[in-house]
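Chains as they are written, first to last, in our numbering: chain A, 865 to 1043; chain B, 180 to 372.
Reviewing the structure listed below.
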């Protein structure tokens, strides 16, 4: 069995709703996190990201000034900050396919649909810590590998050229810690 | 001890039209074997949330007041980016918080208002009466949440709001069938619960 040492992780919570920030802070403190920083809009979130260098970012989608999607795109700009690889977990009450795909294409690492539960949040954090995905850089995208699985029945075009078209599998850290 | 430079640089594999970049996993530091069977962070978090829940009713009423204030502002000033944004964020937040705050019956009405605002191409064409019906429904459902039959009442209200809203959205989006198809497609992501 393996566990997460939440007191070794620094979180940044970005949400314009004070109640939601309080809920997330409560859950994270309950998990054992000591460092939880907050911001109430995308602009303050970007500043806080640069200042506090969090290990994981939790962001809402709909926010004033600029939203979670725009924030993710700014964080993912290669060369724009010290950690474009930071795991970004987007919380949203919207789970329409169009929205989920947009979030994925903006470079979100994990998507967590509301209503939020302690279990779902814990699982998303565990996933980003124990199963980090490599990053893909193309002319139009920079972010976590959007392919999670290999579909043996896929018959569509292969958009990546140049070989190694499989999902890049890394040994999950859970296995490494146990072994 | 600080990581050596060779451990802190990501490895890069270059292909014809893409690169695969594997950054060092700095979060590995947070993984450890579980040695104490009584250590249950999930249970602790859930207990903390349960303790916080005594404030949820007050929070939901505050969100309803915010929604009402946004509606009144829109009535006074009309549709502007600011009034639209306030109303949009107010109903969006109620939708997202309803279940967590113990008001599951109101999420449908809040979502219907959000859909109306999100998917109408020209916001000035949204009938004020339709907005009023949504806001009034949300406030009524929250107010009557303790009623034993509230789920059924809310479902009836929400179904009717949704029917009227869907009809309006189909009309307003008749020139963009692809967009129409996307907004009526089933949701993709499972809920967080």
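Just so you know, even glycine gets a beta-carbon here, dropped at the ideal spot from N, CA and C.
From the options, residue whose alpha carbon lies closest to that of residue i
| i | options | result |
| --- | --- | --- |
| residue 300/B | 187/B, 362/B, 195/B | 362/B |
| residue 873/A | 898/A, 887/A, 883/A, 885/A | 898/A |
| residue 888/A | 213/B, 196/B, 224/B, 207/B | 224/B |
| residue 912/A | 882/A, 945/A, 894/A | 945/A |
| residue 231/B | 334/B, 281/B, 348/B | 281/B |
| residue 1005/A | 938/A, 880/A, 926/A | 938/A |
| residue 991/A | 955/A, 977/A, 973/A, 917/A | 973/A |
| residue 218/B | 884/A, 868/A, 890/A | 868/A |
| residue 926/A | 948/A, 919/A, 998/A, 909/A | 909/A |
| residue 213/B | 870/A, 922/A, 901/A | 870/A |
| residue 318/B | 204/B, 274/B, 357/B, 205/B | 274/B |
| residue 924/A | 956/A, 895/A, 984/A | 956/A |
| residue 906/A | 893/A, 969/A, 921/A | 921/A |
| residue 238/B | 942/A, 883/A, 1000/A | 883/A |
Buried or exposed (CB count within 10 angstroms, at least 16 for buried), residue i
| i | result |
| --- | --- |
| residue 865/A | exposed |
| residue 312/B | buried |
| residue 322/B | exposed |
| residue 1007/A | buried |
| residue 881/A | buried |
| residue 241/B | exposed |
| residue 206/B | buried |
| residue 196/B | exposed |
| residue 328/B | exposed |
| residue 304/B | exposed |
Helix, strand or coil at residue i [DSSP, three-state]
| i | result |
| --- | --- |
| residue 284/B | helix |
| residue 190/B | strand |
| residue 887/A | helix |
| residue 873/A | coil |
| residue 351/B | helix |
| residue 200/B | strand |
| residue 273/B | helix |
| residue 356/B | helix |
| residue 195/B | coil |
| residue 261/B | helix |
| residue 235/B | helix |
| residue 977/A | strand |
| residue 363/B | coil |
| residue 182/B | Bear in mind that a pLDDT of 43 at residue 182/B, under 50, signals an unreliable position, so the number given afterwards is only what the model happens to contain. Three-state result, residue 182/B: coil. |
First and last residue of the uninterrupted alpha helix (DSSP H) at residue i
| i | result |
| --- | --- |
| residue 1001/A | Premise fails: residue 1001/A lies in the beta strand (DSSP E), 999-1001, not in any alpha helix (DSSP H). |
| residue 228/B | 220-231 |
| residue 321/B | 307-322 |
| residue 904/A | It is not in any alpha helix (DSSP H) - residue 904/A carries neither H nor E in the DSSP assignment. |
| residue 1044/A | Here chain A comprises residues numbered 865 to 1043, so residue 1044/A is not present and cannot be evaluated. |
Endpoints, beta strand (DSSP E) assigned at residue i
| i | result |
| --- | --- |
| residue 1006/A | 1006-1008 |
| residue 211/B | 210-212 |
| residue 867/A | 866-868 |
Please give the ranges of any alpha helix (DSSP H) in the region 909-973 of chain A, keeping only runs that are unbroken, at least 4 residues long and fully inside the region.
932-939, 961-970
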